[in-house]
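For the record, the sequence lines run as chains A and B. The opening position of the first sequence corresponds to residue 1252 in my numbering, with each subsequent residue numbered one higher. The opening position of the second sequence corresponds to residue 1238 in my numbering, with each subsequent residue numbered one higher. One structure below.
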Amino acid sequence: MTALWAIAWREFASFFRLSIGWVVIALYLALSGAVFSLGTLRAGEPASMRWFFGLSTWLLMFIAPAISMRLLSEETRNGTIEPLMTAPVSDWALVVGKFLGGVCFLAAMLAPTLAYAVTLEALSEPDYGPIASGYAGLALVGVFYLGVGTMFSALTSNQIVAFLGTLFFLLLLRFATLQGAAFVGAPYDGWLHTLSVDLRMADFGKGVVDTAHVVYFLAGGAWFVTLGVVAVESRRWR
Amino acid sequence: MIHATELTRTFGPTRAVRGVSFEIGAGEIVGLLGPNGAGKTTTIRMLTGYLPPTSGRARIDGLDPIDDSHAVRSRIGYLAESNPIYPEMRVESYLRFRATLHGVPRARREGAVGEAIERCSLREMRRVRVGRLSKGYRQRVGLAAALVHDPKVLILDEPTSGLDPTQIVETRRFLRELAGRHTLLLSSHILSEVEKLCGRIIVFAHGQVRADGTPRAISAAPGDAGAYTVEAATTPERLDSALTRVRGAASVRTEAVDARWSRAHIVAEDGAGDLRESLGAALAGEGVALRELRREEASLERAFARLVEADPAEEGPTP
Chain A
1252 MTALWAIAWR EFASFFRLSI GWVVIALYLA LSGAVFSLGT LRAGEPASMR WFFGLSTWLL
1312 MFIAPAISMR LLSEETRNGT IEPLMTAPVS DWALVVGKFL GGVCFLAAML APTLAYAVTL
1372 EALSEPDYGP IASGYAGLAL VGVFYLGVGT MFSALTSNQI VAFLGTLFFL LLLRFATLQG
1432 AAFVGAPYDG WLHTLSVDLR MADFGKGVVD TAHVVYFLAG GAWFVTLGVV AVESRRWR
Chain B
1238 MIHATELTRT FGPTRAVRGV SFEIGAGEIV GLLGPNGAGK TTTIRMLTGY LPPTSGRARI
1298 DGLDPIDDSH AVRSRIGYLA ESNPIYPEMR VESYLRFRAT LHGVPRARRE GAVGEAIERC
1358 SLREMRRVRV GRLSKGYRQR VGLAAALVHD PKVLILDEPT SGLDPTQIVE TRRFLRELAG
1418 RHTLLLSSHI LSEVEKLCGR IIVFAHGQVR ADGTPRAISA APGDAGAYTV EAATTPERLD
1478 SALTRVRGAA SVRTEAVDAR WSRAHIVAED GAGDLRESLG AALAGEGVAL RELRREEASL
1538 ERAFARLVEA DPAEEGPTP
């Protein structure tokens, strides 16, 4: 367990030792800040963070792969995986530690956006329910996306391949469950809709915290992380 | 402490390691010597549990590196071939990280890191990022990380690669100090290095063990017949005819040194014993003046070259 946290902490810290962490945070804050000030901070707009959550969910599809791509690919490429895999650390602790490092970085990236909520508080009387549930939803989507990204990162030693693999998977999931569902129509669309990240996230944005959604994101994330563990383990029997 | 029994590893059609067996006792310093691609790294990876053997088995302290993976890994300190270290980390925090991974309890961690820093003379570099270090210092960080948890067994893959001569001497002195406290297995493709450091050498070539013993025993191994040099005041032709008659001389090669002196290189037959006396007698019989009669020292270098010669029966080694 100590090793797992050591790996997670090292990973988290390394985002800030390298430029990638700062670049991702800066780009995200610039975009979400622009949307918040142009979209929400207008006369007549309700004091909600609806725009922000909508945009962030969409941006996460690109940001999460950028965070997760280096987790294991870079270790494999640089050979630093060898000391890790010859230390008395289980493959579970290694992959989950890496994944948690990414999740912590995501949290660090979202934290400054609380300033938007503070701004709303200063200007108006926002309803904190949807804001809290929106953040919870964003974090859960992040966990799910980073889980997918961790799996792809475990599969290849090339960060670009890991990034593109994750991105295409997430885009495919989005198209299949929205446009695809509309195309096949009833009765299959309901089934596809249950897989949709966007539809589930929309509920969070409205202030609805459905246990089914929470379970979907957490179980989905865990499932892909597990596949990542299997991918790392497979090095030992290949 | 380390047992390898018929270790074999294939990568697709290439057999990188074929039936390697050896045994290393506690406290020994043993060098794996062989040209690049001889299967040293693959063997080491099988010992550390990083790579499962295709067949055969390894044992560290009586435990299997795959079945008792955790127990084996906590006994080993390992410096991987290219010494991979996160370049963005500072020396001290990297060592702390490795100590944590190896289960050094929190209360002892700072002490262990401090000791590793002292032992590897890294004190001035404590706060420097690994990416900014010179190759020599980087190598020391790798060594420090391998021994931060005070392992029973130290396995170092090419610990002196890329170091300059001064650093090599330093590292060698340092590694010698480790003997006794750890069982030390190191690999190298540079002969002089292993020769000076290791009490025992295992010569690898084409994925097989070609020789195993003390440097002296290996250099004197059968097949390395004695070689002699003679200089005498006569023509090369007369020198040649005088020396080829000596019993036990397998081949004689002569050359003129100047107008008066000629030199001969004699290679003895296997098991011919010391030929100096009969060579001298042969020249005395001819009545020629002798100014040099020397037996070449059995050299590990020659033994090594002979041991790793191409093996025509099998395919080449993996890169």
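Beta carbons: idealized from backbone N, C-alpha and C, even for Gly.
Considering just the uninterrupted stretch of the beta strand (DSSP E) at residue i, what are its terminal residues?
i, result
"T1242 of chain B", "1239-1248"
"G1293 of chain B", "1292-1297"
"E1468 of chain B", "1464-1469"
"Y1315 of chain B", "1313-1316"
"F1564 of chain B", "Given that chain B is displayed from residue 1238 to residue 1556, the structure contains no residue 1564 of chain B and the question cannot be resolved."
"D1304 of chain B", "Segment: none, D1304 of chain B is in no beta strand (DSSP E) and carries neither H nor E."
"R1447 of chain B", "1445-1450"
If you count every other CB in all the chains shown that lies within 10 Å of the CB of residue i, and 16 or more means buried, which is it?
i, result
"M1326 of chain B", "buried"
"K1372 of chain B", "exposed"
"Q1376 of chain B", "buried"
"R1333 of chain B", "buried"
"F1541 of chain B", "buried"
"P1556 of chain B", "Note on P1556 of chain B: pLDDT 42, under 50, position unreliable in the model; the coordinate value appears next. Classification of P1556 of chain B: exposed, given that the 10 Å Cβ count is below 16."
"P1250 of chain B", "exposed"
"N1273 of chain B", "exposed"
"A1285 of chain A", "exposed"
"M1360 of chain A", "buried"
"Y1379 of chain A", "exposed"
"F1287 of chain A", "buried"
"P1342 of chain B", "exposed"
Of all the CB atoms in chain A, is at least one closer than 9 angstroms to the CB of residue i?
i, result
"F1334 of chain B", "yes"
"R1343 of chain B", "yes"
"E1395 of chain B", "no"
"R1310 of chain B", "yes"
"A1382 of chain B", "yes"
"T1245 of chain B", "no"
"Y1374 of chain B", "no"
"H1419 of chain B", "no"
Is the shortest distance between the beta-carbon of residue i and the beta-carbons of chain B less than 9 angstroms?
i, result
"V1481 of chain A", "no"
"L1335 of chain A", "yes"
"G1398 of chain A", "no"
"A1338 of chain A", "yes"
"T1253 of chain A", "yes"
"G1330 of chain A", "yes"
"I1276 of chain A", "no"
"I1318 of chain A", "no"
"L1269 of chain A", "yes"
"W1488 of chain A", "yes"
"R1321 of chain A", "no"
"A1257 of chain A", "yes"
"S1485 of chain A", "no"
"R1261 of chain A", "yes"
"S1324 of chain A", "no"
"S1384 of chain A", "no"
"S1408 of chain A", "no"
Span of the alpha helix (DSSP H) holding residue i?
i, result
"E1265 of chain B", "Where E1265 of chain B is concerned, there is no enclosing alpha helix (DSSP H), given that its DSSP letter is neither H nor E."
"G1274 of chain B", "No alpha helix (DSSP H) contains G1274 of chain B, which DSSP labels as neither H nor E."
"L1380 of chain B", "1372-1384"
"A1362 of chain A", "Here A1362 of chain A belongs to no alpha helix (DSSP H), and DSSP marks it neither H nor E."
"V1435 of chain A", "1430-1435"
"D1477 of chain B", "1473-1481"
"H1464 of chain A", "1462-1488"
"P1316 of chain A", "1301-1319"
"Y1287 of chain B", "Looking at the DSSP string, Y1287 of chain B is not in any alpha helix (DSSP H), and its letter there is neither H nor E."
"L1269 of chain A", "Taken as a continuous stretch (DSSP letters only), L1269 of chain A belongs to no alpha helix (DSSP H), as it is neither H nor E."
"L1292 of chain A", "Premise fails: L1292 of chain A is in no alpha helix (DSSP H) and is neither H nor E."
Check the Cβ-Cβ distances between residue i and every residue of chain C, and say whether any is below 9 angstroms.
i, result
"S1404 of chain A", "Any reference to chain C falls outside this structure, whose protein chains are A and B."
Length-filtered (4 minimum) alpha helix (DSSP H) runs lying within the segment 1485-1545 of chain B = 1513-1523, 1537-1544
request  = Identify every run of the alpha helix (DSSP H) within the segment 1329-1359 of chain A, keeping only runs that are complete inside it and at least 4 residues long; order them along the chain.
outcome  = Whole alpha helix (DSSP H) segments, 4+ residues: 1332-1336.
The segment 1265-1282 of chain A contacting the segment 1358-1371 of chain A, beta-carbon criterion three pairs below 8 angstroms = yes
query = Below 8 angstroms, can you find three or more Cβ-Cβ pairs linking the segment 1415-1431 of chain B to the segment 1468-1485 of chain A?
reply = no
ask   = Within the chosen definition, does the segment 1424-1443 of chain A reach the segment 1251-1262 of chain B through at least 3 CB pairs nearer than 8 angstroms?
value = no
ask   = Is the number of C-beta pairs between the segment 1434-1444 of chain B and the segment 1375-1395 of chain B that are closer than 8 angstroms three or more?
value = With a cut-off of 8 angstroms, the segment 1375-1395 of chain B and the segment 1434-1444 of chain B do not count as touching, because too few Cβ pairs lie within range.
ask   = How do the segment 1401-1416 of chain B and the segment 1240-1251 of chain B stand: do at least 3 beta-carbon pairs fall below 8 angstroms, yes or no?
value = no
message = Below 8 angstroms, how does it come out for the segment 1390-1398 of chain B and the segment 1361-1370 of chain B: are there three or more Cβ pairs, yes or no?
response = Because the criterion of three Cβ pairs below 8 angstroms is not met, the segment 1390-1398 of chain B and the segment 1361-1370 of chain B do not touch.
query = Do the segment 1367-1386 of chain A and the segment 1297-1306 of chain A meet, that is, are 3 or more Cβ pairs less than 8 angstroms apart?
reply = Look at the beta carbons and you see the segment 1367-1386 of chain A touching the segment 1297-1306 of chain A: at least three pairs across the two are nearer than 8 angstroms.
query = Does the pairing of the segment 1409-1416 of chain A with the segment 1346-1354 of chain A give three or more beta-carbon distances under 8 angstroms?
reply = no
query = Quick one: any contact between the segment 1332-1340 of chain A and the segment 1416-1423 of chain A, if contact means 3 or more CB pairs under 8 angstroms?
reply = The segment 1332-1340 of chain A makes no contact with the segment 1416-1423 of chain A: fewer than 3 CB pairs, one atom from each, lie closer than 8 angstroms.
query = Are the segment 1466-1486 of chain B and the segment 1507-1527 of chain B touching by the rule of at least three beta carbon pairs closer than 8 angstroms?
reply = Of all C-beta pairs linking the segment 1466-1486 of chain B to the segment 1507-1527 of chain B, three or more are shorter than 8 angstroms, placing the two stretches in contact.
ask   = What are the uninterrupted segments assigned as alpha helix (DSSP H) that are 4 or more residues long and contained completely in the segment 1384-1432 of chain B, given in chain order?
value = 1402-1415
query = Hey, which unbroken runs of the alpha helix (DSSP H) at 4 residues or more fall wholly within the segment 1385-1447 of chain A?
reply = Entirely contained in the segment 1385-1447 of chain A, the alpha helix (DSSP H) runs reaching 4 residues are, in chain order, 1410-1428, 1430-1435, 1439-1444.
query = When the Cβ atoms of the segment 1294-1301 of chain B are set against those of the segment 1466-1477 of chain A, are three or more pairs found closer than 8 angstroms?
reply = no
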